[in-house]
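Peer 1: Please find one structure pasted underneath; my questions will follow.
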Amino acid sequence: MRHPCAPSWSRHLPATSARSGKGQYHAMPPTPGILELVDQCEFMARAYAEAGAPLPRRRPDGFPAIVASIIGQQVSAHAGAAIQRKVEAGLGGITVEAVLARDDDELRGFGLSRPKVKYIRGVAEAVAAGELDFDALRDAPDEEVLETLTRLKGIGQWTAEIYLMFALGRPDVMPSGDLALAEAAARLMRLNARPKPKELAEIAERWQPYRSTAALMLWYYYRFTGGPGAPDV
Numbered sequence: 006m007r008h009p010c011a012p013s014w015s016r017h018l019p020a021t022s023a024r025s026g027k028g029q030y031h032a033m034p035p036t037p038g039i040l041e042l043v044d045q046c047e048f049m050a051r052a053y054a055e056a057g058a059p060l061p062r063r064r065p066d067g068f069p070a071i072v073a074s075i076i077g078q079q080v081s082a083h084a085g086a087a088i089q090r091k092v093e094a095g096l097g098g099i100t101v102e103a104v105l106a107r108d109d110d111e112l113r114g115f116g117l118s119r120p121k122v123k124y125i126r127g128v129a130e131a132v133a134a135g136e137l138d139f140d141a142l143r144d145a146p147d148e149e150v151l152e153t154l155t156r157l158k159g160i161g162q163w164t165a166e167i168y169l170m171f172a173l174g175r176p177d178v179m180p181s182g183d184l185a186l187a188e189a190a191a192r193l194m195r196l197n198a199r200p201k202p203k204e205l206a207e208i209a210e211r212w213q214p215y216r217s218t219a220a221l222m223l224w225y226y227y228r229f230t231g232g233p234g235a236p237d238v
């Protein structure tokens, strides 16, 4: 049996175009690894052919980015974006100083849950105390970034991986605990059940060293096939 990620009909797709999802093509965005994934894996080729290719995604790193990741925990992309806009407007910008200047009731008034207020305040206090240096994380290895961030209350593996992907632009991260990614993989690969985090991590090994791009393509495919909770990619 042919390996499921062996080169296949994917090589016959346009090398410089991506499908928009409505049968039209647009210029291939410079997202690292898309062409390699499409050429080497029939599942990525199928996602590309049916849904198209996502644009590169980056957000500025630092305190605002980790706050955005905390806000995005266990809510839809739409809800998370709405809450983030309220927080930004209410604080006049997401800064350590602005968070520490407000009490918990004020922060909850921006739409944050009680636990998320606690987590965001904890990160702000760690930065203010010199216990967390976002600048130092820029050049740190992935595992060191994950270890540093997950020591903080309320920042688990998923939140730290999202920071790695979108704030630091690391190319080989797969947030295998993400339900939308698991559902997308199940749909794309015609699996009988949604893979568990360990299973998704094993599946994603075939997409090294471009697992971040593979995750973007899975989220994009999930949204294309009607999934409501994926990041807006």
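Position 127, counted from 1, in the sequence shown is what my numbering calls 132; the numbers after and before it change by one each time, with no gaps.
Note that beta-carbon positions come from the ideal geometry of N, C-alpha and C, so glycine has one too.
#1: Report the residue from P120, P176, Q78 and F68 whose alpha carbon sits nearest the alpha carbon of A185.
#2: Just the C-alpha distance for K158 and Y53, rounded to the nearest angstrom, thanks.
#3: How far does the alpha helix (DSSP H) with F68 in it extend, from its first residue to its last?
#4: Determine the extent of the alpha helix (DSSP H) in which R64 is found, giving its start and end residues.
#5: The alpha helix (DSSP H) spanning W224 covers which residue range?
#6: Could you pull the start and end residues of the alpha helix (DSSP H) that M179 belongs to?
#7: If you run the structure through DSSP and keep just helix, strand and coil, what is D138?
#8: What separation, rounded to the nearest whole angstrom, lies between the Cα atoms of T100 and V43?
#9: Considering S153, what are the terminal residues of the alpha helix (DSSP H) in which it resides?
#10: Anyone know if the C-beta pair for I125 and I75 falls short of 8 Å?
#11: By how many angstroms is the C-alpha of R192 removed from the C-alpha of A106?
#12: Between the alpha carbons of E239 and E210, how many angstroms are there, rounded?
#13: Going by the beta-carbon positions, is the gap between L96 and A103 smaller than 8 Å?
#14: Are there 16 or more other CB atoms within 10 angstroms of the CB of G85, so buried, or fewer, so exposed?
#15: Alpha helix (DSSP H) containing R113: first to last residue?
#16: Can you tell me the Cα-Cα spacing of A189 and E55, whole angstroms?
#17: Residues in its own chain within less than 6 Å of R199 by CB, not counting five upstream and five downstream?
#18: For E93 and P120, I'd like the C-alpha separation in whole angstroms.
#19: What are the boundary residues of the alpha helix (DSSP H) that I44 is part of?
#20: Please say whether W163 and G182 have beta carbons closer to each other than 8 Å?
#21: Could you pull the start and end residues of the alpha helix (DSSP H) that T164 belongs to?
#22: Rounded to whole angstroms, what's the CA-CA distance from P176 to Y215? Just pull it up for me.
#23: Taking the Cβ atom as the reference point for each residue, do V178 and D147 lie within a distance shorter than 8 Å?
Peer 2: The short version:
#1: Answer by Cα proximity: Q78.
#2: Near 38 Å, if we compare the C-alpha coordinates of Y53 and K158.
#3: Per DSSP, the unbroken alpha helix (DSSP H) holding F68 starts and ends at F68 to I76.
#4: Element bounds for R64: n/a, residue is neither H nor E.
#5: R216 to F229
#6: Segment: none, M179 is in no alpha helix (DSSP H) and carries neither H nor E.
#7: coil
#8: 40 Å
#9: Reading off the sequence shown, one finds Thr at residue 153, where the question assumed Ser. Unbroken alpha helix (DSSP H) run through T153: D147 to T155.
#10: Between I125 and I75, the gap from beta carbon to beta carbon is short of 8 Å.
#11: 46 Å
#12: The first residue shown for the chain is 6 and the last is 238, placing residue 239 beyond what the model contains.
#13: Yes. Within cutoff.
#14: buried
#15: From DSSP, the alpha helix (DSSP H) with R113 extends over D109 to R113.
#16: Those two C-alpha atoms are separated by around 13 Å.
#17: The beta carbon of R199 sits closer than 6 Å to those of A187, E188 and A191, all from its chain and outside the five residues before and after it, given in chain order.
#18: Annotation: E93 to P120 spans about 18 Å, alpha carbon to alpha carbon.
#19: The sequence as given places Asp at residue 44; Ile does not occur at that position. D44 -> alpha helix (DSSP H) spans I39 to Q45.
#20: yes
#21: Q162 to I167
#22: 6 Å
#23: yes
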